[in-house]
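S.K.: Here the sequence shown is numbered in my numbering, starting from 269 and rising by one per residue.
Ideal Cβ placement from N, Cα and C applies to all residues, glycine included.
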Amino acid sequence: MKALQERILAEGQNLGSGILKIDSLLNHQIYPELMMGMGQELGRLFGDLKIDRILTAEISGIAPALMAGFVLKVPVVYARKTKPITMSGPVFLETAPSHTKGGEVNLLVSAEFLHAGENILIIDDFLATGKTLLALARMVKSAKCNLLGIGVVVEKSFEGGRQAMLNAGYTNIPIHALATITSMDNGKIEFSE
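1. I'd like to check one pair, Leu376 with Leu361: are the Cβ atoms closer than 8 Å?
2. If you reduce the DSSP assignment to three classes, tell me which class Leu454 lands in.
3. Taking only the alpha-carbon atoms, compute the straight-line gap between Met306 and Gly315 and give it to the nearest angstrom.
4. Measure the Cβ-Cβ separation of Ala432 and Gly398 and say whether it is below 8 Å.
5. Considering only the alpha carbon of each residue, which of Lys318, Gly337, Asn295, His296 lies closest to Gln308?
6. For His444, list the residues DSSP reports as bridge partners.
7. In chain order, what residues of the same chain lie with their CB nearer than 8 Å to the CB of Lys409, ignoring the 5 residues before and after it?
8. Ordered along the chain, which non-local residues of its own chain (more than five positions away) have a Cβ less than 8 Å from that of Leu302?
9. Looking at the structure shown, is Glu309 part of a helix, part of a strand, or coil, going by DSSP?
10. Of the choices Ser366, Arg406, Lys412, whose alpha-carbon is the least far from that of Gly385?
11. How would you call Thr324, buried or exposed, if buried means at least 16 neighbouring beta carbons within 10 angstroms?
12. Only counting runs of 4 or more residues, tell me where the alpha helix (DSSP H) segments fall wholly within the stretch 381 to 411, in order along the chain.
13. On the CB-based measure, 16 or more other CB atoms within 10 Å of its CB, does Ala249 come out buried or exposed?
14. By Cβ distance, which residues of its chain are closer than 8 Å to Pro358, with the 5 residues on each side in sequence left out?
15. Would you mind working out which of Lys349, Lys341, Leu340, Ile319 sits nearest Ser328, comparing C-alpha positions?
16. Here's a check: name, in chain order, each residue in its chain whose Cβ is nearer than 7 Å to the Cβ of Lys318, leaving out the five neighbours to either side.
17. What residue does the beta strand (DSSP E) around Ala436 start on, and which one ends it?
18. So the beta strand (DSSP E) Ser292 belongs to, where does it begin and stop?
19. Where Gln297 and Met269 are concerned, what is the direct C-alpha to C-alpha distance, given to the nearest angstrom?
20. If you draw a straight line from the C-alpha of Pro365 to the C-alpha of Glu372, how long is it?
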């Protein structure tokens, strides 16, 4: 997605160690028109699938998932990182390492929002090592749902996340990225064509 790539080059910061700071695009600040464009593109990429629900992780995955949900006309559920007092009853819980926060984070979804047999599309901000997406995929499996696809805003292909997903057995589902970064060496940000 050319508009996304241009915005990343204009505002993104390569902080080294594979960390790309795009706070001005995904969590502290959001450009509604750009986000709607992302949702439309995700809707185009996954529109031929019979999706019942989108699953994402808070917080940076919420906006692109919401826009994709708007286009696909399906509800969006996001995995919480902390359990609020209003979350009672059974929950699906997975953990994943946080690249930017360090350490493990919990991902929780109330069982009332993932129903057995539903077709789920995962949308998230990044595909880097794949560990957060694998945690969400395990959650889908625990809920006895069907994972039909994975969409991300940015894939950092040099971190091996796509291969980790394939190695985990997710070979028959589409995995799409709106922008794929092939290298962040020497302070640069390079995209695949």
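M.R.: Quick answer:
1. yes
2. Looking at the sequence itself, residue 454 is Asn, so the reference to Leu does not match. Note: Asn454 maps to helix in three-state DSSP.
3. 13 Å
4. yes
5. Gly337
6. Gly419
7. Leu415
8. Ala271, Leu272, Arg275, Leu293
9. helix
10. Lys412
11. buried
12. 399 to 410
13. With the chain running from 269 to 461 in the structure shown, residue 249 is simply not present.
14. Ser378, Ala379
15. Lys349
16. Asn387
17. It is not in any beta strand (DSSP E) - Ala436 carries neither H nor E in the DSSP assignment.
18. Note, Ser292: premise wrong, no beta strand (DSSP E); alpha helix (DSSP H) at 291 to 294.
19. 19 Å
20. 4 Å
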